Each structure stands twice: as structure tokens, then as C-alpha cells.
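Data first, discussion second: the structure below is written as C-alpha cells.
There are 2 protein chains.
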Amino acid sequence: MLDDVLMKYPDEETDYRELADPLQAEIGHIQREILDLKIPVMIIIEGWDASGISNICNRLIRYLDPRGYRLYPVGRPKQAEAEMPFFWRFALVTPEEGKFAIFDRAWYSRLIVENKGNIKDIFQRKIEDIKSFEHQFSDDGGILIKIFLHISHKEQKKRFKEADSDPCRSYYLKNIDWNPKKEYPEYFSVIDEILFRTNTPKAPWEVIPSENYEYAVYRVYDTVINRLKSAISEKREGVENICYECPLLSSGYCLPEPHAPMILDRKEYKSKKKELGKRLLELQVELYKNKIPLVVLYEGWDASGKGGAITRLTRYLNPRGYRIEPIGPPDVKEKERGYLWRFYNRLPRPGRIVIFDRTWYGRVLVERVEGLCSDYDWKRAYGEITEFEHFIDEWGAVIVKFWIHISKEEQLNRFRAREADPDKKWKITPEDWRNREKWDQYEEAVCDMISLTHTPCCPWTIVSGNDKYSARIQTFEAVIAAVEKKLKSLE
Amino acid sequence: MLDDVLMKYPDEETDYRELADPLQAEIGHIQREILDLKIPVMIIIEGWDASGISNICNRLIRYLDPRGYRLYPVGRPKQAEAEMPFFWRFALVTPEEGKFAIFDRAWYSRLIVENKGNIKDIFQRKIEDIKSFEHQFSDDGGILIKIFLHISHKEQKKRFKEADSDPCRSYYLKNIDWNPKKEYPEYFSVIDEILFRTNTPKAPWEVIPSENYEYAVYRVYDTVINRLKSAISEKREGVENICYECPLLSSGYCLPEPHAPMILDRKEYKSKKKELGKRLLELQVELYKNKIPLVVLYEGWDASGKGGAITRLTRYLNPRGYRIEPIGPPDVKEKERGYLWRFYNRLPRPGRIVIFDRTWYGRVLVERVEGLCSDYDWKRAYGEITEFEHFIDEWGAVIVKFWIHISKEEQLNRFRAREADPDKKWKITPEDWRNREKWDQYEEAVCDMISLTHTPCCPWTIVSGNDKYSARIQTFEAVIAAVEKKLKSLE
């Protein structure tokens, strides 16, 4: 994609500054329309070093209302970013509805820099990751504009020479974490192929020759405005944004009967629990030493005992290293971003444990059954979720996913027992009874969820929950087994 | 405060676990009441090493609903925390209305550890900072519960010996950033005096003997429940939470006439601006090299030209190093925390620049005049703001505060010009006209603000704004002067 671009050089006659003027005046209006229509916009400016990325960014934001954009200069990750999954720092700053996030360099630069000397490996694994991350944003209604500023090697060398004599520019150049001077020939074909492979219909690249600054400014404005205008008219005309092939449902998977594999009396339970609890604490120290994060997901029927199982598990852990994240409906700010944003935001640091009481699977359970999102939203969520879990797995985390299963009769007994207990009465609400009436619909959703998201890296553990003691012991054992397996794989 | 506590040891006869039982059952109810009444609660557990802080925390959270609390283990700050003002990491996690923030160690431990060998200095400067930080939270209606777990030196030595043979405990002990074994005798009187000096009416210390674990648990529950119960009944009875002495207003300060100190024609203005702009870029590099943050605040009448002055200033800066923060009304999540929370959250990193278009002074301007907060809220804000700016100054930042002043007639001309311009018409709203009718009230608020917050470390610069060219040049010059002064002070 790079080869031909420098051929299309601007003619020297045209005053591109004059051409850009009306576009700069227009961008303010467009920004207000984007805000009205609640469209999130990401603009990434990539390019060769010394291609003028910063200058272009400064010119682009000059005519934008600062209330509506945020500029992210992407450099060496901070400690807290470097230890998280690669896309974490970007996922956290995806724009809210109607807002612009502008990236001065983005995940492409970081991928190349952080995988130096390992270019082949990038191709094998990372291109697909980038495409996942980008299509999730587009599928959600976001507009992603990708610009690459292109200059020739000769022009780059000339600019470095000029920069050397300018203390303001040379200071920054000395402090970046690669050696761009040597990289042009080495990286030309790599970058060319990355651009080609990630040039998707929803997130196409615009390669802009940047040897003439005013021409580049004009082209950037032109590109941004055209993409936004067509997004605005599509939204106004109600064009449906469907580009993801949803999976076939009704796989025929059936939940097993929730009978306990063992029945324990109180004494056996207590002694077993204590023994496993001790092992859990030892493993927590091992996770901490090895900087391995652990994510435990609890899903299950209402009153299946998720909360109780979590309390028992955490009793043995050091509170400095674990956190319980109860998941309810998203709050106002969370609703303004992609569905997975709040989960990126709740991942553990390395060596720490996060326990989710209900999880991202809410999308394909309660949101599906209650119609809280569109069909297209929950149908594509299976894919989004497996990709998200793949990012977490690749990062090195242990993931344990529980579905705590009880029978419909057992649930009724527990609801009644709760209502009869003055201390637990507040726990049971009319909503629980309403959910219960939709048992069959939920069961269908659960079966689809398990069959579509039971992956080799992140399998489900179905806990037979009719007997509480046994259910808790099953969860202890599954967590221990998963952590031990991971630790063994490191030996 | 430490001396006598170990004398009050529990009797061996009582079963404290039994005494704690009903309290543990009660805490859930109390938590729901606190949520209903929207009271934010901070609980900090400090104490000697090996006094059982983590165990106590784990026991305290076991009976709380995880949706309503968050536990913060406070250790060595992360890179991103260490480079910010001392209270930054704590200010960002103050609880939302109705929520609990529980600290496993807090600013007291950090202050002692981070100022090791410099204990005297702590006393001189830091005690007052701690008191400021704590009273701001209480003044805002928050409940701060401070607990110190006390054990004797002999008991501590015994516990360290035991821990040595327990791999889970000894691993953590080896990885903390001080040497607690040696510290007991050395720090006894220091800690005793810190506790004494920070034992304030709104944030008293509870020193709890912790050699008997069940007794300590009982006392912690008892302390927490009693404080919360009295907070609940005070709130229910509508007791006014007034404990801060508000300053006397009407200082007699008068705004000067907004005549330009110099009148520039367009050509002079352009050449002056370019020359100063070049200097600004040089200084941005110096700030970056020296890791000095710069905070520039723009306040001024509607249509006084804040936005225009900011655009001109940023044109010369490298966008990787500055950020514009336009300040409007707080959003839903921001309203649930203290007033200054969103400003802590927007401070620059070292070496970076943040430009506020409207600022925290909104509290004593628009919120005061429009009655958007209580009298007590805005009256105590003068003190809160000077303390906040003092934290920023102590951290090493440069702060520049502008009031851009125009005459009432000039404002009228500008409003009319905006209305006549189709591209600028959207900028002028009925609200602007309404604010204009309250000119005199705003003027009184501005005069109070300037006289009460014009401090030696953070003085105001009154910009004569009737002539736009001159106003912009004044802001350029003031920023340059402030940065140069700071750089000179480092030589």
C-alpha cells in the first residue's frame, strides 16, 4: 500500500492551505452532529518518524471543541500499562458516545516496537488480534479512521538532519524508545504488509503523502470529514450496521442434572474446606510470586449460592491480593462505551485475584432474555467474549468459569426459605420471581452460552449446586486445579 | 495515646467471638442504611506490623455486601502514583455517596515509610496536610473512622518468629519496603505523637489492643458500628454538619478597569505572538526535561476570550505534552464524590501541561451565584481550594491563574457580534444573557475569590481583556514568566 502513494504527489501550483480552510470551518459543525447522534469516533494517526504526526494532530484539534475530543500521545507504556494485556491501555480510552479519541500513534507502532526482532511472530498472531479489537469497536457503531503519513527515506533523512540543529525537536527524538533512523528500509515491507492486512472495509487505511505539510493537512481533513459525513448520513437514514456473521444457535447442548457428585455432612465439609482453603492460600502466594493474575467467574441461577461460595473461598485468601467485583447493570458512564469496557477496567493486576459475581456473560443471559440489547448485540457477543478471553489468556492469566446449576425445584425451596428468614428477606425481590417464570428461556440461553464459549483456553466448569456444601467444595477444587495446571506449565 | 492501651487488656473469661456475632449480623443492615442516606465512609486500619491488619480487614469485609465497599491495600506506590502529589492516590479513591472505602494501611504508614530518617520534617509540614485532607472529607459529609491496632514489642517479636516458619506469611513480610523488626522502639514515640496530633473531633483515633484476635475483631466492629449509627441518626435528625470556620467576605477588593496596558496593531501582535510562542515551546521542553508539571487556569467573564487565548497558546506547543480540560457541570459520577475529586483526576503528569478552561473556582463563582451548592459549601471552598493548590505547589508544579477581565459594555458588543455571525451564533445562549443580568453578583464573587485565594504560591494574574490582542500577549508573558521563575529556582 505504500509503494504507489509517493507517486501521487501534490502539484506545486495548488494552495492547499486555501483548500483546507473551508474544511477546518466545517469540522466544528460535524463535531456537533456527531455529538447529537452519539457516534463514538477514533482517529489514529500513524506514520514514519519525522513524518509530522504531532504537527498534524495539533492542526486537527485546533478547530475541534475541546469538550468533545481527547488526544492520546502513545509512547512507551507506563509500568501499570506494560503489565496488563496489550490492548488494555487502548480499550480503556475508547471514546464515549459522541466523543472523539485521537491517537498520536497507536497500537500499530507499539506492536512493531514492542516486538522488535520478532516481526514474523507479529504476523502470525497479532494481526488477528488487531482486527478483533477494531471490529468490536465498529460493530458497536463506532467510526474508526486510520491514517498513515508517508514520506520517502530521503525526505526522512533530511528531516532528521534539520531536527538535529533544533534543540526542541532533537530532545524528543533522542528520548523515544527505538531507533527510527535505521528503520526505514528494514521496516518498509513489514509496515506495507501490516497496512495491507488490516485494511478492512469498516476500518480502511488512508495513506497520505506527508512531504508537503499543507497538502497532508488538507488530505487529513478531507479524509476525516468524508468518513464522518457518510457515518452521519447512514445513521440518519437508519442504515443497519451489520457486518459480523453471528453464530448458529441451538446447538443441542443440554445442562446435566444438578445432583451432587458427593454428599458431605457438615463435619466432612468443614474439614475438607479447611484443607482446601489452606492450599488456596499457598497458591495465592505462588500466583503473587509468579505475577500470574487469576480471574474467577461465577454465573448461575438466582439463589444458586454464588455469593455463599465466594464468601467461603475468600475467607482463606489474603485480602491484599483479591477483590470481589459484583456485576449489576452498567452505570451511566459505562453505558456510553462498548460493552466490555467495564470489564477491561476491572481486570486484576499481575499476581492478583479478581472474583466476578456475575460477569460479561450477562450480555448473553439477562440482556438477551430481557431484551435489554438488540439481537445483533447479543448474537455477536459470543465472538466478542471469546476474543476478549483470548486476550486475557494470551496475557498469561488463569481463567476459571463457573455455572452453578440447581434444579427448578431447589430454587423454589431456596426462594421460600429466604422469604421466611427476616435477615435474608431483602435478598429476594419480585424480579427474582419474574426471572423464575422465564426459566426455560434462560435455560436455552445458558445452553447456547456454554456450547459457544467453552473454549480450550477458557472452559466452563458446571457445578452441581443442589447441595451447597458439595457445590462449594467443587468450586474450591476447580480453582486449585486450574492454578496448579498453570504453575506446572511454567516449570 | 499508645501508652495506656495495652493496660486495658481483655479478660480471658469473656468469649469475644460471641460478643462480635450480633455485630457482624448488624453491619449488613447498617450498610444498607448508609447507602440509603448516601453517606460516604472511609475506614482506615493502621497498626504495627504483625498486628493483624489484613486478618482484621478480611473479617470486616466478610459481612459486607461487596457492591458497597472497596478494600484498598496500601503499599509502595506504583510509578504513576509516586510521581504525583502525595494525597493524589488517596484522593482518587475516596468513596462515592453511600459507599465504604476500607484502607489496609493508609497515608499514615506511607508518610512514615516515605520520609524515613526525616521524622522531624514530617511533623513540621505533614501533620497539617493530613488534617486538611481529612477535614475536607468530613466537611463534605463523609465519615472517617481511624483504627490503630496495637501490640507490644514482645508480642511483635513473637509473631515475627512464628511467621518465619510459615511460608505464606514470611513471603509477604520479606517483600515490604521497610524493616519493621527494628522499628518498634524507634517509632513508638513518633507514632504516639502522630496519633495524638491527628486525633481530631471529626476523625478521632481508636487505638485497639490486638494481641487477642477475637477481642480486636469485636472492638473493630463495635467502633465501626457506633460511629456509623451516630452518623445515621445525625443525618436522619438533620443535624447540620458545620465545623469549619468560614472566612469573612467583602474584603473591599475591587477589580481594576480592563484597559489594555498596550495597544497592538495586527502586525505587531503577530510578530510578538510568534516570538513568545517560540519561547513557550522551548520552555515546554525544559519542563519536560525537569519533570515539572504546569497547570494554567483560565477564568473570566463570558465572552472574555478564554477559548481564543487558549487556542493561540497551544498552537505553539507540542500536543504530546499538553491537554486542554474544559470544565462544565460535574457529571453523575463526579457529583457522588467531593468537589475537588474531578480536578485531582485531571492533574498533569510531571513534565506535562494541563490548561483548564474554567476551573475549580466554579464553586465560588457560578455555583455560589446560581445557588447550585449550599452557602456552607462555597464559603468553605476558599479554604479547600487554597489547601488543594498548596498540595500542588508542594509537589513542585507551576500554577498560573488568569482572570480575564472585560468591561460590561465590551461584553455586550461581543455578545451582539457573536449573534450576528452564523458560525459563532451557537456559542451564545439564553444562559449567557441571564448571567449577564447578574453581573454585579458575579463581580462581588470575583472580588471575594481574588482576595481570598491570592496566595504567595499561587497568585492571580488579572488580564485586561478589552483588547483581545493585548490580552493574549499578557497571558503568554505571564506563563513564560512563571515557568522561567520556577526553572531559575532550580538552578
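Just so you know, the sequences run in chain order H and V. Heads up: the first sequence begins at 1 in our numbering, then just goes up one per residue. Heads up: the second sequence begins at 1 in our numbering, then just goes up one per residue. Don't be surprised by glycine CBs; every beta carbon is placed ideally from N, CA and C. As the structure is a computational prediction, the values presented were derived from the model and not from experiment.
Collapsed DSSP secondary structure at residue i in the structure displayed
{"i": "V/Ser-464", "result": "strand"}
{"i": "H/Tyr-316", "result": "coil"}
{"i": "H/Val-74", "result": "coil"}
{"i": "V/Phe-87", "result": "coil"}
{"i": "V/Ile-44", "result": "strand"}
{"i": "V/Tyr-339", "result": "coil"}
{"i": "V/Pro-209", "result": "strand"}
{"i": "H/His-390", "result": "helix"}
{"i": "H/His-259", "result": "coil"}
{"i": "V/Val-479", "result": "helix"}
{"i": "H/Asp-357", "result": "strand"}
{"i": "H/Glu-405", "result": "Strictly speaking, residue 405 of chain H in this sequence is His, with Glu absent from that position. Strand, per DSSP."}
{"i": "V/Ile-34", "result": "helix"}
{"i": "V/Val-239", "result": "coil"}
{"i": "V/Ile-399", "result": "strand"}
{"i": "V/Tyr-9", "result": "coil"}
{"i": "V/Tyr-171", "result": "helix"}
Residue span of the alpha helix (DSSP H) that contains residue i, given as start and end
{"i": "H/Val-369", "result": "366-369"}
{"i": "H/His-135", "result": "127-139"}
{"i": "V/Phe-160", "result": "153-164"}
{"i": "V/Leu-149", "result": "Here V/Leu-149 belongs to no alpha helix (DSSP H); instead the beta strand (DSSP E) covers 143-150."}
{"i": "H/Val-113", "result": "107-114"}
{"i": "V/Leu-452", "result": "439-453"}
{"i": "V/Val-531", "result": "Only positions 1 to 491 of chain V appear in this structure, which leaves residue 531 of chain V out of reach."}
{"i": "V/Cys-254", "result": "Premise fails: V/Cys-254 is in no alpha helix (DSSP H) and is neither H nor E."}
{"i": "V/Tyr-288", "result": "266-290"}
{"i": "V/Ala-80", "result": "79-82"}
Distance between beta carbons of residue j and residue i, contact taken as under 8 Å
{"i": "H/Gly-28", "j": "H/Tyr-63", "result": "6 Å"}
{"i": "V/Phe-86", "j": "V/Ile-45", "result": "With 8 Å as the limit, V/Phe-86 and V/Ile-45 do not qualify as a contact, their Cβ atoms being about 20 Å apart."}
{"i": "V/Arg-59", "j": "V/Val-224", "result": "Contact flag wrong, Cβ pair sits at about 11 Å."}
{"i": "H/Phe-90", "j": "H/Tyr-69", "result": "About 16 Å separates the two Cβ atoms, so there is no contact after all."}
{"i": "H/Tyr-184", "j": "H/Gln-156", "result": "6 Å"}
{"i": "V/Leu-149", "j": "V/Ser-233", "result": "Contact flag wrong, Cβ pair sits at about 28 Å."}
{"i": "H/Phe-402", "j": "H/Gly-300", "result": "7 Å"}
{"i": "V/Leu-23", "j": "V/Glu-286", "result": "That belief does not hold up - the Cβ atoms of V/Leu-23 and V/Glu-286 are roughly 58 Å apart, past 8 Å."}
Residue burial classification, residue i (beta-carbon count within 10 angstroms, cutoff 16)
{"i": "H/Gly-383", "result": "buried"}
{"i": "H/Val-253", "result": "Just to set this straight, residue 253 of chain H is Tyr in the shown sequence, not Val. The residue in question, H/Tyr-253, is exposed, as its Cβ has fewer than 16 Cβ neighbours within 10 Å."}
{"i": "V/Phe-196", "result": "exposed"}
{"i": "H/Trp-378", "result": "buried"}
{"i": "H/His-135", "result": "buried"}
{"i": "H/Ala-303", "result": "buried"}
{"i": "V/Ile-263", "result": "exposed"}
{"i": "V/Ser-169", "result": "In the sequence on display, residue 169 of chain V carries Arg and not Ser. By the 10 Å Cβ count, V/Arg-169 comes out buried."}
{"i": "V/Arg-414", "result": "buried"}
{"i": "V/Val-332", "result": "exposed"}
{"i": "H/Gly-371", "result": "exposed"}
{"i": "V/Val-516", "result": "In the structure as shown, chain V begins at 1 and stops at 491. Residue 516 of chain V is therefore absent and cannot be evaluated."}
Where the beta strand (DSSP E) through residue i begins and ends
{"i": "V/Ala-101", "result": "100-104"}
{"i": "V/Glu-325", "result": "322-326"}
{"i": "V/Glu-299", "result": "294-300"}
9 Å Cβ cutoff met for residue i and residue j
{"i": "V/Pro-258", "j": "V/His-405", "result": "yes"}
{"i": "H/Val-295", "j": "H/Ile-399", "result": "yes"}
{"i": "V/Lys-272", "j": "V/Arg-312", "result": "no"}
{"i": "V/Gln-79", "j": "H/Gln-31", "result": "no"}
{"i": "V/Gln-411", "j": "V/Arg-436", "result": "yes"}
{"i": "V/Asp-375", "j": "V/Pro-326", "result": "no"}
{"i": "H/Tyr-269", "j": "H/Ile-473", "result": "yes"}
{"i": "V/Leu-347", "j": "V/Trp-360", "result": "no"}
{"i": "V/Ile-145", "j": "V/Ile-43", "result": "yes"}
{"i": "H/Tyr-298", "j": "H/Ile-355", "result": "yes"}
{"i": "H/Ile-151", "j": "H/Glu-211", "result": "yes"}
{"i": "V/Val-74", "j": "V/Trp-107", "result": "yes"}
{"i": "V/Pro-350", "j": "H/Ile-61", "result": "no"}
Closer than 8 Å: residue i CB and nearest the ligand SAM heavy atom
{"i": "H/Asn-290", "result": "You won't find the ligand SAM in this model; it holds no ligand whatsoever."}
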